[in-house]
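Input: a single structure, listed below in structure tokens.
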Amino acid sequence: NRQPILAIDGPAGAGKSTVTRQVAERLNLLFLDTGAMYRAVTWLVLESGIDIEDEPAVAELVHQCQIELVPQKDPLGILINGRDVTAEIRSSQVTANVSAIAAQPVVRQCLVEQQQAYGRTGGVVAEGRDIGTYVFPDAELKIFLTASVKERSQRRQLELQQKGLADISLEQIEQEIAERDHKDSTRSIAPLRKAPDAIEIQTDGLTIEQVTEQIIRLYHQKT
Ligand code: C5P
């Protein structure tokens, strides 16, 4: 007897965060950015100086850590062990290492449990890679957002430029995105995959508003 859950999955840079935030605001749902949680753990691992491949050490760290989400902030705020890492988790160093951390079974198990706790009463829009397939397989609406690598790289470059980080070439961004997609879709546990009952939206050439509208329409149809 819970409120509806909306699951939004897709590869890196498909516009999930921006769209999900707007959908959450318009439908008055809690915005659950699961990528931010994997990023926060990655930040902590890098900060603590342990080897990212040292799975037992990573396991200990993730079990002891406490993550808090502050969904009211834009971008979504996140704290790990009381420290605000909202900006730090977007660094290129975290981005380059997050897929290796997210592939570790203990990390996933620990974070998925927390994500499912947020969803217990429903009223949530969650975005990530495995939300429709694994975290909330019974979500009322599942969306799979995609875009070509070219389009996703261009969007990411624009985003970086707006943050004053214009020194990364489009080729480099494309390569990083393709590499992360590959790692995320080939890992053995809960890989990036479209759920059979997910609705795919190909967003090349669409504005954020158009995609948001489309999702809101589908949500009203399904709930
Ligand atoms: O969405 P975002 O780019 O912030 O996600 C960062 C990384 O976290 C992804 O590349 C993926 O490795 C991992 N992730 C995941 N499962 C999720 C969300 C993110 O493995 N549900």
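For the sequence shown, the working numbering begins at 4 and goes up steadily by one.
Glycine included, C-beta positions come from ideal geometry on N, C-alpha and C.
On a predicted model such as this, the values are computed, not experimentally measured, just so you know.
Segment limits, beta strand (DSSP E) that includes residue i
i: I146; result: L144 to T149
i: L72; result: I70 to V73
i: V127; result: V127 to G131
i: L35; result: L33 to D36
Endpoints, alpha helix (DSSP H) assigned at residue i
i: I83; result: It is not in any alpha helix (DSSP H) - I83 instead sits in the beta strand (DSSP E) that spans G80 to I83.
i: D187; result: L173 to T189
i: L9; result: Premise fails: L9 lies in the beta strand (DSSP E), I8 to D12, not in any alpha helix (DSSP H).
i: V61; result: E58 to Q67
i: L209; result: First-last for L209: undefined, no H or E at that position.
i: R29; result: K19 to L30
i: N4; result: Counting along the chain, N4 falls outside any alpha helix (DSSP H), and DSSP gives it neither H nor E.
i: A120; result: P108 to Y121
i: T98; result: S95 to A105
i: L161; result: V152 to Q165
Close beta carbons around residue i, own chain, < 8 angstroms, minus the five adjacent residues each side
i: S16; result: It is worth fixing the name first, because residue 16 is Gly in this sequence and not Ser. Here the set comprises A150, R155, S156, R158, R159 and I180.
i: D87; result: G80 and I81
i: E174; result: none
Residue from the options whose Cα sits closest to the Cα of residue i
i: L72; options: V109, L114 and S94; result: L114
i: D207; options: G85, D141, K153 and Y222; result: K153
i: I202; options: R220, T210 and E212; result: R220
i: A105; options: E58, P74 and Q69; result: E58
i: L148; options: K76, A62, A198 and D54; result: A198
i: E162; options: I11, T21, N4 and P7; result: T21
i: A39; options: E28, G52, T89 and E56; result: T89
i: H223; options: R29, P14 and G13; result: R29
i: R5; options: Y121, V101, C68 and E177; result: Y121
i: T98; options: D184, I204 and T23; result: D184
i: V61; options: Q69, S51 and T23; result: S51
i: T215; options: P14, G13, P7 and R24; result: R24
i: R111; options: P7, D187 and D141; result: D187
i: Q107; options: P78, D77, E63 and T124; result: E63
i: S94; options: L209, I171, P7 and D77; result: I171
Supposed contact pair residue j and residue i - C-beta distance, whole angstroms, cut 8 angstroms
i: V26; j: L9; result: 7 angstroms
i: V44; j: V109; result: No, V44 and V109 are not in contact; Cβ-Cβ is about 10 angstroms, not under 8 angstroms.
i: G80; j: I211; result: About 21 angstroms; that fails the 8 angstroms criterion.
i: E91; j: T226; result: Rounded, the Cβ-Cβ distance is 36 angstroms, inconsistent with contact.
i: K145; j: D200; result: 6 angstroms
i: R47; j: I83; result: This sequence places Leu at residue 47; Arg is not what is there. With a Cβ gap of about 5 angstroms, L47 and I83 count as contacting.
i: Q117; j: I70; result: 7 angstroms
i: I176; j: A103; result: Actually they are not in contact, since the Cβ atoms of I176 and A103 sit about 19 angstroms apart, beyond 8 angstroms.
Near the ligand GTP: residue i beta-carbon under 7 angstroms from a heavy atom
i: I134; result: Among the ligands present in this structure, namely the ligand C5P, the ligand GTP is not found.
Contact set for residue i: own chain, Cβ-Cβ below 7 angstroms, skip 5 residues either direction
i: Q96; result: L49
i: G85; result: none
i: P74; result: L33 and F34
i: Q217; result: I204
6 angstroms Cβ shell around residue i - same chain, five flanking residues per side excluded
i: Y41; result: V101 and A105
i: P14; result: D184
- Given 8 angstroms as the limit, is there contact between the segment 131-149 and the segment 185-202, that is, 3 or more CB pairs closer than that? yes
Any 3 or more C-beta pairs closer than 8 angstroms across the segment 24-34 and the segment 121-133 = yes
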